[in-house]
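In the numbering used here, the protein residues as written are 165 to 447. Since the structure comes first, as structure tokens, the remarks are kept for the end.
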């Protein structure tokens, strides 16, 4: 059974082919994570494919894939370790004490607020660069990876904003009640973990991989600490934010880029946006 080209659904033998046309896709996604960021992502991502190593693309998971991905993401030390740390800080007076000393001394950053923004932007730029250099068989494969990254980032930002509304925790400087969890830390965490995942597909000397990963950890940790020095968050806020971003990066990576594909996803640019095609096996 087939619809016409605008009907967007076709069933053929053992496969279901779902075609979704997205008009003004940049504007729609931009409402979630920022129009300029999305436009830059698209511009850089479709610039070309570079690098050597394993082929990189996203796919729809097989049956049970979401559950396995969630379990794996929760068990990831980058998720549970900062959560344990956040619980320790929150259950003691360390949260307030460390926050107060960080604000009074500001020993690492001369301008903590500006530095946290700069490190956040640097993390985003590193992710975009990794999209360019990661090896892919086609631009469609690269587009599917871009969609995965945008989805992981949007999920992280959305959940972080929701938790802020539920928690209603006052910031250390008492300017509003959006302290928990840290949006900067969660965003920086998800994009740095996604960048590390991208780099794992690129052949490089061990020392270079270690150096790049250490630099990415430094960006995430430095950005989180800058928020504490700026008086915008308690230590437990940034630890929880880091765990949140790490969870979604690990979940999307495991669900959509690991193992065998249960389906395929492709993207075709159109005049006013683009069209995603999802092929789902029926058995």
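Yeah, the Cβ is synthetic: ideal placement off N, Cα and C, and Gly gets one too. All values reported here derive from a predicted model rather than from experimental measurement.
Evaluate residue 200 with the Cβ neighbour count: other Cβ atoms within 10 Å of its Cβ, from every protein chain shown; 16 or more gives buried, anything less gives exposed.
Interpretation of residue 200 is limited by its pLDDT of 44, a score under 50 that renders its predicted location unreliable; the figure taken from the coordinates is listed afterwards. Residue 200 is exposed by the Cβ-count criterion.
Let me check understanding here. Comparing Cα to Cα, which of 353, 362, 410, 377 lies closest to residue 387?
Residue 387 has its Cα closest to that of 353, out of 353, 362, 410, 377.
Where in the stretch 333-403 do unbroken runs of the alpha helix (DSSP H), each at least 4 residues long, occur, reported from the N-terminal end onward?
The stretch 333-403 contains these whole alpha helix (DSSP H) runs: 347-363, 370-393.
Quick one: is residue 329 buried, meaning 16 or more other Cβ sit within 10 Å of its Cβ, or exposed?
Looking at its Cβ environment, which holds fewer than 16 other Cβ atoms inside 10 Å, residue 329 is exposed.
Of all the options 349, 342, 340, which has the alpha carbon lying nearest to the alpha carbon of residue 381?
Checked all of 349, 342, 340; the closest Cα to residue 381 is 349.
In or out: residue 274 buried (at least 16 other Cβ within 10 Å) or exposed?
Exposed.
Roughly how far, in whole angstroms, is the beta-carbon of residue 250 from the beta-carbon of residue 403, given that I think they are within contact range, below 8 angstroms?
Sure, about 4 angstroms apart at Cβ, within 8 angstroms.
Using the beta-carbon count (16 or more within 10 Å), is residue 276 buried or exposed?
Buried.
Use the C-beta contact count for residue 287: other C-beta atoms within 10 angstroms, 16 or more gives buried, fewer gives exposed.
Looking at its Cβ environment, which holds 16 or more other Cβ atoms inside 10 Å, residue 287 is buried.
Quick one, are the C-beta atoms of residue 345 and residue 405 less than 8 angstroms apart?
Result yes, Cβ atoms of residue 345 and residue 405 sit closer than 8 angstroms.
Throw me the rounded Cβ distance for the residue 259 and residue 399 pair, which I believe falls under 8 angstroms.
Sure, about 6 angstroms apart at Cβ, within 8 angstroms.
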